[in-house]
Each structure stands twice: as structure tokens, then as C-alpha cells.
């Protein structure tokens, strides 16, 4: 069960020829796959391509009707290895994942796939998580395309273009027997737009047909001598075929006038930003019509020498707009010009930054600088010599006022108490080396916890602590890994490795029942039933199977005291070998999404429901905020009291509190203060509830009146 | 070549939404896109989802232009100096938008909800770490073409909806987009769940924005602290006590006008905490400060004394906590906060974690001291006492237990904690008043240092040590004419972090000063 239901989107996959599809870019790609008669699709979720996986997961019926196999792959390597089905059989297959992190994981399978080559079209849809909002290291997928020689498409960021790129990609792959990477940037994946749909196509050969008529060809297997032939074949047959296809089908586009002293070459994905810059420079209109010659590379690898050289014909200078580094494309073009002995000046990273996202401002400055230097006559006067400097707003002091707002744990997150407990244990036993992993739990590195020193990759948390295993050490390392990372490869890379190497460290497996950070997809240990997947495989069993002897299972992470005791025991026990703690509680985001409607329905329906919420007694809270240094929950915040006697704001819990229990548990475990209370509201109380309450309130009221009649009572005191 | 974008060209409207993850910025962006398309515009919305959604700062971006049959080339992210409408779902996000250059004086309509969602960094300071809203308001006024700000979160909550609805209402009310109110409401109508509440929130925000749009500018929504004798509420109780109270109030009326309000608030606090006699003690102490004070100093010393004496005398002991948690006013407040409707039942669980210290503090001074001086015995008892106790104050047994502890009030004066606290208070107060003839300002700062003492158990111990560390600088600062300033700086440093690392840094600086006055 994913974070969102995609029932509506699934219906869009049924649209027929001539109907208009309206929606997100990544869903357009999903629809395009079916229109291309894809035989099987797999992948691993992660922004920005999670929705592709989620929609297909919810579209089992449609896929069934078409005979398309869908696989929620265990990892990007699995997904890419799956494309082996297109090696011998004329079946179109697609794999999708986040890049470059996913491409890193996939690269072993990718290299093997690329060596032997494919018969059926093999498409890798990589969601490029680069620039603002990205959660990963900033690298380029381009390098992978080059080293394994798979073709790389980078279409203009609008729905019709990316849909066409899917179609072109399959054909290009088949004609050149080479896997094709389709790169879509994060905003393009989330862009809302339209395109005219075609009918879905049933694959001419399904995986079932293939299983019934197996084929093999030793020449396609990566083993000498075939592998040596593959390398030659890549350059002698596949490359020319690709160049020929790209040229003949005009995959790359030319805009603007075909004569002019300067021109701009760009990755397709950069097109809209280039046009926006030209619009702001007064050189393009709303529809992108411009006189500046543009050469748009919807295929960025391989590059087409003839096309480029023809574009440079008669131009004194050409700007290459290539985001990220190294600037492979610029370098390749420079070599082409040099070898062809052309005088055209090639510029790129001189005017545009070598590193970092090409934002609107960067593009405006870069292209502006290029034109001022190479073709000032094109520019309107006010642009050539701008007389206004900035907009006169002084934001200097504002910079010191506005606080940073990094992502953090959600309201009621079950991972918060785990790190509260860790912080408390460190207060007892001192600081430890803590290795973090990929997933929501990585937010532990932020305030208020500030726990964790490194993150080395998905499922590699404990692996990244494996060096810290010394008989002389007084303290043990602590490493975290999420359930997502655990099943992705942590079971072997981290747990197996720790067992085999007799690592003495402490490993905490954060089990929240989903691959939560990527949108709450099911995984092996998910506790909910899943119609098409096999779930409910306990992590504890897998860990035992790996040979872990010291294993503890905390099945309610909100029990901070227990969490604290378990960690302390793990850090102090004399037992050798890895100490593994599985800390389990359901992701609150998904739990609320599942339970809230049911609860509301039950309350309306008159069933007895107990709804918890936490509160703070503001006259008991002294405003020291110790609780917040162990929480950071969005619903636990500060509020000013209208009382001149009080200087500091007190703690306050807003209406979004889901009553997870962390506040009370922490107040207790850390011996903070008695300000917190839990208020359980019993909706539709039973007769017994009401009787109890009546008697209690009567007797309690008696005591209250007795005391209050003997003292001064100050209104609003 | 002739410049392209001419008058004939369709203008593109650029709108950015800055929100905090979980606020529903996506819903808002979808609504706006829908409204645009209903009005014969082509629109494109983009977002950067991913982990930023988890409570972090997020951006949604919409571009639109009149549909002429040709598809415009839209950008996929906002550019500095190129945004027509900026919607901020929280005040600091408006500040962030200005810093990032998305707000332009001659161009951008800035629509912001004036409410605050404190960032973690603001919440974890032991003092008040919150950013200044007024600075953002001030800059927003000058940085934008129009600045429309009010608490849209409250409007949403009051109407049982989400802020996305009131933000859309404010957008519609601002007339920044050439669309009719109806088309906005139709867009919400397609939303499905919670449509009625959303429309109510939309409408309320719409009217509010209209009102503000008419007015020249919007005022900051800073919490104004109004101080007046009326503001201090009514008093009721048995005749004899009321007479005693009147006698005490009469004493306050003899004090300088400037001191009275704080003195009355302080008096209420201590009498409410203990009894009339305790109020008398409070005023006796306060009189000493008043006697040493003068109008020349605007009675700053007396006001500080009135405030901090009250806080010091009302130390947070088990008795006070039990007393406060068993009052009928508290029961009413909880029901109001939680929103208990008729017909449903409320159950309240309190979290206590008593330790030997609290136990001894609540014993007669002699006995308590006896135990504390015997570590073995204390340890033995602690092992039995020191654990979390959850007490149901809606049950009679649980309530009665706290009620009885609250009743120990009567014997408080004889208990160990009282002796300790009063001794500490007198040392501190004497120290402060002793400075009045030497350095009035220092005396005031010493009084203000009482602010440092707060929290329970370990937190309280840490607070005490900060308090002592700050005052330890007094000797180092002897004779300096900027001594008071330094004490203030030290106190502020002490409120910055939990352990007082900044304070230690500041103390090192003080140590290097030497006591020769700079002139």
C-alpha cells in the first residue's frame, strides 16, 4: 500500500487513441510504455520515479489484460538484470529507478547487459534527482551511458516530447541492439501537462510465450571470446546504427533561424530554461519562437558529428548548455571542431557554472553574458546596458532572522523515540561512533538529535561501520539501517558481513513496515496483506537465518525506556559478535492514512472509540524546552503566555497531535517534568463508561469544591 | 533581429507557493491550475516532492497564459525577480522567498499567512529562540508590490479545514489573478472530501483579503502584552481571607505606580501558591527593594524584584504540581483544549517520575536532611521510589492521591525543599540589594538572573549551575562600568544551549577582561 492511492491515475492508463491524457510527466511515461507494447516493467521506487512504480502496482488488472509482467524489484540491480529477458527474445522491457544512486547499484547488471546487447527494446528510465530538493549526491548519469555504451536520451521537458522519447527509445534500442537510458529530471517527472494518447498495445511476444519457446545464443553471453567481439561490435555495428537512426528520425531538433553568427546547443532537458532566458532577454516569445539558432540534443549520447558541424557552419561562436560536471558534451564538441579544423569558437562553462543546477538566474546570466560577448547587436539596449542594480531590497538582516527548515521526522514518527533513546543512552555512556543509512531515519543527523557521522549508501549503514571492529576498543560502534535498505541489500552487505567478520558493533534495524521515505511501498516485512506480493516476512527471522546470535526485538518503538535499556544492554553486554536490535512500529504517515478514515467512520457509526492526544499544563511547564531537545515533533512547539511574570515561551501541543506517546515516554525516561498529560477521549462511551465517569466526577467534584471553598480563588489564575 | 516579446505577445503569469512539508501545498497548486484551466488559460504546475515533504521547506510552481491554441514554453521553476504572485503558507517561508529573490518590489503580490511554525532550531533553545516576525513583516512591506498577510492557519482551523483552502481564498480575494470567485469555488468543489469546510475557509479568507487589499497595508500580528490592573482578574473566597487579601492590596496601592501592576501579579501568584501570610512575606521582601529604589531609575529594580521574587517564592515542588493538576479550572482547561464534546468521556493520564530528591524535599526538614546525609539509606529508598508513575486523574484513587499531596501545602513551610529554596532566595536577594548603592544596574541584572532557574530534576540542577556560573562573574567584573552589561550577556548566553557551552565561552572572555574599568 503506497502513500497515495492511484485509482484515478490508473484509469488514465486506459485512455485510447485520440483521447487527451492530463497529468504528471512520470504518469505520461507510464502510459507511453503500454502504448509501446512493453512486455515487462520493473524498477525500484525513489523520487522522482516512485509514482511510476506506484501506479503500475495499482494497475495490475490492466497489465493482466495486456499480458504485461510487472515486478517491484528488490533493487536497481535486480531491475536492470531483469532486462536480460530482452537479450534473446524480441520483448520490449523497461526498468526504472532514481539516478544516480540507482544507476550506481545497477551498474554491474548494466555493463553485462550492454556488452551482450539486446534483441528486444530495453529501456532504462532514470529519474535524475539533481539540483534543488535533491536528497542525494550530485552526479551525472551521463558517465554510465558512456562507460557501458548505452544510448542516453534527454528529451525536452514537456509531455508530448517525453512520450515520443519512450517510443523512439524502444526503436533505437532494437535497431542498434543496445539498451537505451531515458533521463528525466525531477521537475519534468512532476510537471503537470497534456498529450494525445494512443491505444495500449499487447506485446507481440509475452514473457509467457518466451518461456514456452526458450532460446539461447552463446554469442550474446559475456564470456571470452564473445565478450571481446561485443566490444568491437559496439563500435563497428551498434554505434553507426544508432547514429543513423538518430539522424534519419531527426531525434535532435533545430529551432530559430538557420543563419546567424552565434548559436546555442543544449541538452533537451535544458530547453525550457534556455527559452525562458531568451524570453527575458527579449529574444524569444511566449511560444519559444526565436531568431537565435538552437540545436536541441534530445539524444545526448551518442552525439552526431555531422549534425553538430553543420550547425556550426558559418557561426563564429556556439554556446553549449550542459548542466553538471564533467562537461563531457562540451569536450566532445570541442574535439569535433578541432579535428574538422573549424574556426567556430566553442564556449560553455566559461559563461555557465561548472557545477550546480542551471536555475533561471544562472541561465539568464550565462546566456546574457554569452550574447553580450559574442553578439551584442542582438540584444535590446536595456539588456545590453542594464541601468538598474538589484531591486533595492536589503535582505541582509533577514538572512540572520529566517531559520533553516530541513526535512525532519513527521508528527508521531516511530523513529523519533528510537533516537530519543539513543541520545539518552549517550548521555549515560558517552558519545559513540554512529553510522547512518539512507531513509527517513537519516533525519537523525539534524537537530535536535544530531546523531550519525556518515551515510555510505542504501543498506550500507552497518557495512560503513565494519572497520570499527577492534579488540582494543572500549566502546562499540552503533549503526542504523532501515527495513528498506535491509531488504535492498543490507541483509548480505551489512548483516551477513558483520556476522562473517565477527563485528562486535551494535546494529539497529529501523522497521516501519514500508519503504517509507520513497512513498510507503510494501516490502517483504510489510505487515499488511498485498494482493500481488508476498509480505509478512519478519526481519528477525532473516537476521537469525544470517547467523546473528544476539538479537532483540522492540515491537513498540514508542517505549523509550525499553528502547534505552535494550541499547544499553547491547552496548555493554560481554557477548561477542554483532548485537542486532530490530525496532518496529508502523510509519505514522501511512498508519494515519489507513486508520483515520476508519476511526472517523466508527465514531459516526456509534462504535466505542478511544482517541488519544497529548497536552501540556502551561502553568507547570517552566519553559526550559528540554522535551523538545528530545523530540522535534512538529506538533510540539512553543507558545508565549500573556503573563509578564513569565519570560520564556512554554511548550504547547497543537491539534495535529496523534497521541503517539513519545512526549510522555520521554518525559518519563529522561525524568523531565510532570507537565505532560495524555487525554484519551472515549467517543460513544458504553453505559459502564458513563456510569464510571458520573460517579468519578461527582466524588472528584466534592474534593475540589471542598478545597476551593477554603482558599482564595483567582479568576484566570 | 527585432526583440521578440512584444505587446501582441501573450503574457505568462508566474506563481510560486512556498510551504512547509505537510501543509498541502500540492493541493493548492492543483486547485490553482484547475482554476486557470476553467478560465481558458493553459497552465503548468511543477513541484519538488521527495523528502522535503517531510516537514521541510517545499516549493510548488505554476505558470499560466491565455490559451491561444498554441502551447507556450513554460519554465519548470521560479526565477529570481521573475515571480508575479508569491504565496507563503507560513511567515518565515515568506522571509525565505524574499531572501531567495522571488519577491520584487514593483511586481510581486506577496500573500502570506502570518502564523508561525517554529523550526526545530527555534524550539530547542532553553530561552526564547524564536525568530522575529516583525522583521519579516517590515521587509515584506518594502520588498513586495502588495503584501497581504493574516493568520490563514487560524481561519482554516476555525472552519475545520486545511490552510490550502484559506490560502486559495486569500489569492482569490487579492484579485491578483483575472479569475472570478466562482471559478475558484468550482475548483474546490471538485476536490471531493471536506468540500464544505474548504469552501467556508475559502470564503472567510476571501473576505479578509478583500478588506486588507482595500487598506494600505497589513499590520504585524505580534502578540501584544497589555498590562493593566483590570487585566489581573477577580478574586473570590471566604470573607476572612478576602479581608486579608484587601489588606495586602492596600499595601500595593502605597507603592509607586510603576511597580503596582507587577507587584499585584506577583502577589496573586504567591497567595495562590501558598496563603495570605506568604503574600505578606512577599510584600515585606519587595518593600526592601522599593525602599532602595527611586523614580530616577524608573523603579526598574522594584519591578524586577516584584517579578522574580514571586517566581522564586513559587518554586516548582511536588505539592504545587499536585495542587495545580487537581483544580477544577485545570479540568475545564483540558476539556477545552482537547475539545471534549458532550456524550464523550475524558480520561487523563499524568506522567510522574519522582526521585529520592523530591521525596526528601517533601519530608519535614529534619527527617529529609537526615536521609539525604545517609547515601546508603537514600540509595535504598531511591531504588524503591525512582520510577515512572502514570496516574489517572480522572479516576478517584489517582485524583485523591494528588489531592492529598496538594493538601501538604499547609505544612510546606516546615518541609526540607522550602528551607533550601528560601535560603537560596535570601542569598540571591541580599546579594542583589547589596549592589544597589554600588551599581544599581548590576543589582537589577542579578535579580533578572532568576530567569535562569527553571525545569525539574536534572534540568533544574543544570539551571542552578548556570545561575551560579553567571553570578560567579561578579567578582571578575568588580569595578567595571560595563559590569551589568556583561551579566546580561552572560545570562543570554546561558539561555542559548542546554549545557551552557556558550556561557562557558563567554565566561572565558570575561576572565580575560581584567577588572580595570574601560573609559
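Chains as they are written, first to last, in my numbering: chain X, 1427 to 2143; chain D, 16 to 534.
Ideal placement from N, C-alpha and C gives every residue a C-beta, glycine not left out.
In this structure, does DSSP put residue i in helix, strand or coil?
| i | result |
| --- | --- |
| residue 370 of chain D | coil |
| residue 2067 of chain X | coil |
| residue 2037 of chain X | strand |
| residue 1443 of chain X | coil |
| residue 2125 of chain X | helix |
| residue 267 of chain D | helix |
| residue 79 of chain D | strand |
| residue 243 of chain D | Low per-residue confidence applies at residue 243 of chain D: pLDDT is 38, beneath 50, and the placement is therefore not dependable, though the value from the model is reported in the following sentence. In the structure shown, residue 243 of chain D sits in coil (DSSP, three-state: anything other than H, G, I, E or B). |
| residue 61 of chain D | strand |
| residue 165 of chain D | strand |
| residue 1455 of chain X | helix |
| residue 117 of chain D | coil |
| residue 132 of chain D | coil |
| residue 336 of chain D | helix |
| residue 1809 of chain X | helix |
| residue 191 of chain D | coil |
| residue 455 of chain D | helix |
| residue 1912 of chain X | helix |
| residue 2005 of chain X | strand |
| residue 1941 of chain X | strand |
| residue 1449 of chain X | strand |
Regarding residue i and the ligand SAM, is the C-beta to nearest heavy atom distance less than 8 Å?
| i | result |
| --- | --- |
| residue 1964 of chain X | By its list of ligands, the structure shown contains no ligand whatsoever, and the ligand SAM lies outside what it can speak to. |
If I follow the unbroken beta strand (DSSP E) through residue i, where does it start and stop?
| i | result |
| --- | --- |
| residue 1936 of chain X | 1932-1937 |
| residue 1979 of chain X | 1976-1980 |
| residue 29 of chain D | 28-35 |
| residue 2103 of chain X | 2102-2109 |
| residue 2076 of chain X | 2076-2079 |
Note the first and the last residue of the continuous alpha helix (DSSP H) segment covering residue i.
| i | result |
| --- | --- |
| residue 414 of chain D | 411-422 |
| residue 439 of chain D | 431-450 |
| residue 2096 of chain X | Premise fails: residue 2096 of chain X is in no alpha helix (DSSP H) and is neither H nor E. |
| residue 102 of chain D | Unbroken run through residue 102 of chain D is the beta strand (DSSP E), 100-103; no alpha helix (DSSP H). |
| residue 1804 of chain X | Element bounds for residue 1804 of chain X: n/a, residue is neither H nor E. |
* Select from the region 2064-2078 of chain X all residues with a C-beta closer than 7 Å to any C-beta belonging to chain D, and list them in chain order. => The residues in question are 2064, 2066, 2068, 2070, 2071, 2073, 2074, 2075.
* Interface residues of the region 2048-2060 of chain X facing chain D [CB-CB below 8 Å] -> Against chain D - using a Cβ distance shorter than 8 Å - the residues of the region 2048-2060 of chain X are 2048, 2049, 2050, 2051, 2052, 2054, 2055, 2058, 2060.
* Please go through the region 1553-1615 of chain X and give each complete alpha helix (DSSP H) segment of 4 or more residues, from N-terminal end onward. => Fully enclosed alpha helix (DSSP H) runs of 4 or longer: 1568-1574, 1585-1602.
* To do: Note down, in chain order, all residues in the region 346-366 of chain D with a beta-carbon under 9 Å from any beta-carbon belonging to chain X.
  => Flagged, chain order: 346, 348, 349, 350, 352, 353, 354, 355, 356, 358, 359, 360, 361, 362, 363, 364, 365, 366.
* Three or more beta-carbon pairs under 8 Å between the region 1495-1515 of chain X and the region 1559-1576 of chain X, yes or no? -> Short answer: they don't touch.
* Runs of beta strand (DSSP E) lying entirely within the region 1611-1698 of chain X, each at least 3 residues, in chain order -> With a minimum length of 3 residues, the continuous beta strand (DSSP E) runs that stay inside the region 1611-1698 of chain X are 1618-1622, 1679-1681, 1688-1693.
* To do: Note down, one range per segment and in chain order, each alpha helix (DSSP H) of at least 4 residues found wholly within the region 1465-1541 of chain X.
  => Taking only runs of at least 4 residues, the alpha helix (DSSP H) segments lying wholly in the region 1465-1541 of chain X are 1476-1484, 1486-1492, 1502-1508, 1511-1514.
* Quick one: complete beta strand (DSSP E) runs, 3+ long, within the region 458-528 of chain D? -> DSSP runs (the beta strand (DSSP E)) wholly in the region 458-528 of chain D: none.
* **Contiguous beta strand (DSSP E) assignments of at least 3 residues, all confined to the region 1694-1768 of chain X** => When DSSP assignments are scanned along the region 1694-1768 of chain X, the uninterrupted stretches of beta strand (DSSP E) that are 3 or more residues long and fall wholly within it turn out to be 1720-1723, 1725-1727, 1743-1747.
* Asked: Any contact of the region 1743-1759 of chain X with the region 1690-1698 of chain X, i.e. 3+ C-beta pairs under 8 Å?
  -> In the pairwise beta carbon analysis, the region 1743-1759 of chain X is classified as touching the region 1690-1698 of chain X: at least three pairs are separated by under 8 Å.
* Asked: Within the chosen definition, does the region 1523-1534 of chain X reach the region 1501-1508 of chain X through at least 3 CB pairs nearer than 8 Å?
  -> Counting Cβ pairs under 8 Å, three or more are found: they touch.
* To do: Any chance you could list the alpha helix (DSSP H) runs of at least 4 consecutive residues sitting entirely within the region 244-321 of chain D, in chain order?
  => Every alpha helix (DSSP H) stretch that sits fully inside the region 244-321 of chain D and reaches 4 residues is listed by chain position as 254-268, 272-288, 291-307.
* **Contacting positions in the region 1849-1869 of chain X - beta carbon closer than 8 Å to chain D** => Taking 8 Å as the upper bound on Cβ-Cβ separation, chain D lies near residues 1866, 1869 of the region 1849-1869 of chain X.
* To do: With 7 Å as the C-beta to C-beta threshold (strictly closer), list the residues of the region 1730-1752 of chain X near chain D in chain order.
  => Answer in chain order: no residues at all.
* Asked: When the Cβ atoms of the region 1885-1905 of chain X are set against those of the region 1918-1936 of chain X, are three or more pairs found closer than 8 Å?
  -> With the cut-off at 8 Å, the region 1885-1905 of chain X and the region 1918-1936 of chain X touch.
* To do: Would you mind listing the alpha helix (DSSP H) stretches within the region 377-412 of chain D that are 4+ residues and don't spill past its ends, in chain order?
  => Entirely contained in the region 377-412 of chain D, the alpha helix (DSSP H) runs reaching 4 residues are, in chain order, 380-387, 390-400.
* Interface positions of the region 1753-1779 of chain X facing chain D (Cβ-Cβ less than 7 Å), listed along the chain -> Taking 7 Å as the cut-off between beta carbons, none of the residues of the region 1753-1779 of chain X comes near chain D.
* Taking Cβ-Cβ distances below 7 Å as the criterion, which residues of the region 390-414 of chain D are in contact with chain X? -> Per Cβ criterion, the list reads 403, 409, 410, 411, 414.
* Asked: Which of the residues in the region 271-293 of chain D, read from start to end, lie with their CB under 9 Å from any CB of chain X?
  -> Residues 276, 277, 280, 281, 283, 284, 286, 287, 290, 291.
* Asked: Closer than 7 Å, Cβ to any Cβ of chain X: which residues of the region 103-117 of chain D, in chain order?
  -> Those residues of the region 103-117 of chain D placed with their C-beta closer than 7 Å to a C-beta in chain X are 107, 110, 111, 113, 114, ordered along the chain.
* Residues of the region 1981-2012 of chain X with Cβ closer than 9 Å to any Cβ of chain D, in chain order -> Cβ proximity to chain D below 9 Å picks out 1987 from the region 1981-2012 of chain X.
* Any beta strand (DSSP E) of 3 or more consecutive residues that is wholly inside the region 1860-1907 of chain X -> Within the region 1860-1907 of chain X, the runs of beta strand (DSSP E) at least 3 residues long that lie entirely inside it are, in chain order, 1860-1862.
* Give the residues from the region 1646-1662 of chain X that approach chain D closer than 7 Å (Cβ to any Cβ), ordered along the chain. => Cβ contacts with chain D: none found.
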